[in-house]
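Numbering (our numbering), first residue to last: 164 to 417.
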Ligand code: URA
């Protein structure tokens, strides 16, 4: 629990660092809360217009539904056209996304973009978001290393994902990796076993999960990286097929 004095000290240090133009996230002190009264008792901010994606995105910047906000630069809300047919869900923003404020713009984003291009899907037609909207990390020397969000953090962030789903109303939802799949489809879902299979879900007409692009970056050698990329592209091609017409059968892959 942070004492009032501690919160005041951090707030002063934070704004002093900001005024001094300190952009190094490792050198930054913890963020502290803006004034009382902008959030409910669970730490969720008031949304001016819950029917407006922009208004929801703006409100999400003040979310204190879990503790991750304090060490993150900003909330990274989903991006893409409001009328997107397809909504992709990743795990959480990484280091570069946290700094830029946009999802999938770092190394995993580059793998994602490359695979989308190979599958013939234009990213500008997609709504791309994450199950958790703040970067969770631990320091290792000068680097911020990704830490997997826990189930309480995923549950706390679910309200934003639900708002994105309600407002975008995609026909196809694609979970990238285990965290997204479990956030959307329950903890029993196994991407290793059920990737590429259409899942019956109230979330959207078609729901499917595949691997997270960062798993391809972690492949032990070039051969396995190529093989994993090929399978990822195959899953995305199945999504491209769903985007272009009605589906037949149980599997999103042919
Ligand atoms: N990994 C994710 O899951 N999401 C991002 O936005 C970036 C990396």
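Beta carbons: idealized from backbone N, C-alpha and C, even for Gly. Small disclaimer: the values here were computed from a predicted structure and weren't measured.
{"Item": "Three or more C-beta pairs below 8 Å linking the segment 356-375 and the segment 330-340", "Value": "yes"}
{"Item": "Simplified DSSP state of residue 413, which is helix, strand or coil", "Value": "Its pLDDT being 42, under 50, residue 413 is placed unreliably by the model, and nothing is read from it."}
{"Item": "Opposing strand residues paired with residue 208 [DSSP bridges]", "Value": "202"}
{"Item": "Euclidean distance between Cα positions of residue 342 and residue 377", "Value": "12 Å"}
{"Item": "Boundaries of the alpha helix (DSSP H) in which residue 275 is found, first to last residue", "Value": "270-282"}
{"Item": "Spatial distance of residue 218 from residue 386 (CA atoms)", "Value": "45 Å"}
{"Item": "Cβ-based burial, residue 304 [other Cβ within 10 Å; buried from 16]", "Value": "exposed"}
{"Item": "Backbone secondary structure at residue 332 - three-state DSSP", "Value": "coil"}
{"Item": "Three-state secondary structure (DSSP) of residue 339", "Value": "strand"}
{"Item": "Residue 375 versus residue 206: straight-line alpha-carbon distance, rounded", "Value": "30 Å"}
{"Item": "Contact the segment 297-313 vs the segment 233-246: 3+ CB pairs below 8 Å", "Value": "yes"}
{"Item": "Per DSSP, the bridge partner or partners of residue 303", "Value": "306"}
{"Item": "Exposure label - residue 373; buried when at least 16 CB within 10 Å", "Value": "buried"}
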